[in-house]
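Asker:
2 protein chains.
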Amino acid sequence: MSLYLRQVEREIAEGNPTINSRRLGQLLGLSDSQVRRDLGWFGQFGYRGIGYRCQELVDRIREILGTGRPWPVALVGCGHLGQALLGYAGFSRQGFAVRAAFDRDPQLIGQHIRGIRISDFSEFPEIVGREGIELAILAVPADQAETTAAQIAGSGVTGILNFAPTLLNLPGPVTVSNVDLTIELEQLAFAVVQHRGKR
Amino acid sequence: MSLYLRQVEREIAEGNPTINSRRLGQLLGLSDSQVRRDLGWFGQFGYRGIGYRCQELVDRIREILGTGRPWPVALVGCGHLGQALLGYAGFSRQGFAVRAAFDRDPQLIGQHIRGIRISDFSEFPEIVGREGIELAILAVPADQAETTAAQIAGSGVTGILNFAPTLLNLPGPVTVSNVDLTIELEQLAFAVVQHRGKR
Chain A
5 MSLYLRQVER EIAEGNPTIN SRRLGQLLGL SDSQVRRDLG WFGQFGYRGI
55 GYRCQELVDR IREILGTGRP WPVALVGCGH LGQALLGYAG FSRQGFAVRA
105 AFDRDPQLIG QHIRGIRISD FSEFPEIVGR EGIELAILAV PADQAETTAA
155 QIAGSGVTGI LNFAPTLLNL PGPVTVSNVD LTIELEQLAF AVVQHRGKR
Chain B
5 MSLYLRQVER EIAEGNPTIN SRRLGQLLGL SDSQVRRDLG WFGQFGYRGI
55 GYRCQELVDR IREILGTGRP WPVALVGCGH LGQALLGYAG FSRQGFAVRA
105 AFDRDPQLIG QHIRGIRISD FSEFPEIVGR EGIELAILAV PADQAETTAA
155 QIAGSGVTGI LNFAPTLLNL PGPVTVSNVD LTIELEQLAF AVVQHRGKR
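Chains as they are written, first to last, in this note's numbering: chain A, 5 to 203; chain B, 5 to 203.
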């Protein structure tokens, strides 16, 4: 659904008010019946002879994804990766607002990065409660990920996006997504090999 | 295939020499017929009554993905994101070796990060040729991504992994993968919403 969302947003940026399943499929490398099936799964929102109204489709997909409203986010770990994520333009564009940042390093605590003050991780539960934060981005070293995630989960946050190159398995009601950046490199290598095979 | 690879590697790490399609499916949230179909696509390498031999499966998937041999990689852009990627443990674990790093900032050029010297981007074609580099990781600001990518493509690199939050469309034989970190946050938000609905 994220891929559909990106593509339809691009259509709007290019000034196209509508798109049909055939064109959407071509752009995404899918058959038009696949597109109709995917989007039809969430209700009937195509128009005969018109296709989809782009803005309506974007609103509906955002609603489905849960990103129709802003999500307040906390960043935990303000090393290189954390600081890069603080400045990542895509997050705020899609409704994710980093409201607080945390570290344990006294050298970092109190510094401001892109307008966000880095707080001591010991203040995490208090600040998360006050700011109504629901999601946390975890960007700490691998050996600290498990214990830090457990502390985050204990303070009412419902989702953790884990960038540490270690797989987290937390019990309880918190949802964890593990980001594996190597998969992106693998897919690129695979695409390069396929591409060579065709020449 | 990357997800299969990770899961089977985990089985090996836990000391399991074999795995069957049912268990692999359970771990990945797929039906066993889906697993057999996915893996069967690339040839017959299951054994009746045993399932798959984990090491054989890993070797075969790596061969398919093109990661059965090391890929020399260059990093372009050594800001926070670039430096975080230089230290990303997952890359070398899966056979990607960052052999050279580049920036345009005189303050960064000549510095060493995790044993890699940051070179001037003007030396890119020469160093890439010498080191036999095939893939480049692009971690420059969005407004420099397009021109930098065109220069990279002009020097014989066959694949670019683009972390800049802008979509690259390069002509010619170079393969580009655009990484969109926001998709990961969207999927987490979606999972959290689904999880709440179930309670």
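Quick reminder that beta carbons are idealized off the backbone N, C-alpha and C, glycines included.
(1) For a contact defined as C-beta to C-beta under 8 Å, what are the partners of P74/B on chain A?
(2) Pick helix, strand or coil for V178/A, following the three-state DSSP scheme.
(3) Mind listing the chain A neighbours of D147/B? Cutoff is C-beta to C-beta under 7 Å, in chain order.
(4) Cutting at 8 Å between CB atoms, please list the residues of its own chain near L7/A, excluding the five before and the five after it.
(5) Quick one: Cα of R118/B to Cα of A78/A, how far?
(6) What does E3/A touch in chain B if you count any residue whose Cβ is under 8 Å from its own?
(7) Using a Cβ-based criterion (distance less than 7 Å to any ligand heavy atom), does V102/A qualify as near the ligand NAP?
(8) Nearest-angstrom Cα distance between W45/A and Y51/A?
(9) On the three-state DSSP scale, how would you describe G99/B?
(10) Going by beta carbon distance, what residues of the same chain come within less than 6 Å of R14/B, once the five residues before and after it are set aside?
(11) Quick check: what's the CA-CA separation for G158/B versus T170/B?
(12) DSSP has G55/A in a bridge; who is on the other side?
(13) Can you check the region 125-193 of chain B for any alpha helix (DSSP H) of at least 4 residues that lies completely inside it and give the ranges in chain order?
(14) Of the residues L9/B, I141/B and E190/B, which one's Cα is nearest the Cα of S181/A?
(15) For chain A, find out if any of its Cβ atoms is closer than 8 Å to the Cβ of V144/B; answer yes or no.
(16) In chain order, what residues of the region 93-123 of chain B put their CB closer than 8 Å to some CB of chain A?
(17) Chain B beta carbons: is any one of them nearer than 8 Å to that of V1/A?
(18) Under 8 Å between beta-carbons, which chain A residues line up against G55/B? List them in chain order, please.
(19) Along chain B, in chain order, which residues have C-beta atoms closer than 7 Å to that of P169/A?
(20) Would a C-beta distance cut-off of 8 Å place Y56/B and L185/A closer than the cut-off?
(21) Using 8 Å as the Cβ pair cut-off and three pairs as the minimum, do the region 80-91 of chain B and the region 34-42 of chain B touch?
(22) Going by the DSSP bridge assignment, what does A105/A pair with across the sheet?
(23) Please tell me whether A157/A has its Cβ less than 8 Å away from any Cβ of chain B.
(24) Give the range of the alpha helix (DSSP H) segment to which L32/A is assigned.
(25) For G86/B, which residues of its own chain have a beta-carbon under 6 Å away from its beta-carbon, when the five flanking residues on both sides are left out?
(26) Could you round the C-beta distance between G163/A and A154/B to whole angstroms and report it? I think they count as a contact, below 8 Å.
(27) Under DSSP, the alpha helix (DSSP H) around Y8/B begins and ends at which residues?
(28) Against chain C, with Cβ distances strictly below 8 Å, would G70/A count as a contact?
(29) Is there a Cβ of chain A sitting closer than 8 Å to that of T162/B, yes or no?
(30) Bridge partners for I117/A per DSSP, in chain order?
(31) Please decide whether Q38/B counts as near chain A, where near means a Cβ-Cβ distance under 8 Å.
(32) Go ahead and label A149/B buried or exposed: buried means 16 or more other beta carbons lie within 10 angstroms of its beta carbon, across all protein chains shown.
(33) Would you mind telling me which residues of chain B sit closer than 9 Å to L85/A, beta carbon to beta carbon, in chain order?
(34) So is Q191/B in contact with chain A if we call contact Cβ pairs under 8 Å?
(35) Between P76/A and A101/A, how many whole angstroms is the CB-CB distance? I'm expecting something under 8 Å.
(36) In whole angstroms, give me the CA-to-CA distance for Q98/A and A168/B.
Answerer: Put simply:
(1) Going along chain A, no residue has its Cβ under 8 Å from P74/B, so there is no contact; the nearest lies around 11 Å.
(2) Under the three-state reduction of DSSP, V178/A is assigned to coil, being neither helix nor strand.
(3) At a beta-carbon threshold of 7 Å, none of the residues of chain A lie near D147/B; the nearest stands roughly 11 Å away.
(4) L32
(5) 28 Å
(6) Only positions 5 to 203 of chain A appear in this structure, which leaves residue 3/A out of reach.
(7) With respect to small molecules bound, the structure shown includes none, and the ligand NAP cannot be examined in it.
(8) 15 Å
(9) coil
(10) Counting only Cβ-Cβ distances below 6 Å, and skipping sequence neighbours, we find nothing.
(11) 20 Å
(12) Looking at the DSSP output, G55/A shares a beta bridge with Y51/A.
(13) 128-135 and 146-157
(14) E190/B
(15) no
(16) A93, G94, F95, R97, Q98 and F100
(17) There is simply no residue 1/A to check, as chain A begins at 5 and stops at 203 in what is shown.
(18) Close to G55/B, with beta-carbon spacing below 8 Å, lies no residue of chain A; the smallest spacing is near 22 Å.
(19) Y92, A93 and G94
(20) no
(21) no
(22) L79/A and I122/A
(23) no
(24) First-last of the alpha helix (DSSP H) with L32/A: S25 to L32.
(25) L79 and A143.
(26) Contact between G163/A and A154/B is absent: CB atoms are separated by about 38 Å, not below the 8 Å threshold.
(27) S6 to A17
(28) The structure shown has no chain C; the protein chains it does contain are A and B.
(29) yes
(30) I120/A
(31) no
(32) buried
(33) H84, L85, Q87, A88, L89, G91 and Y92
(34) yes
(35) 6 Å
(36) 16 Å
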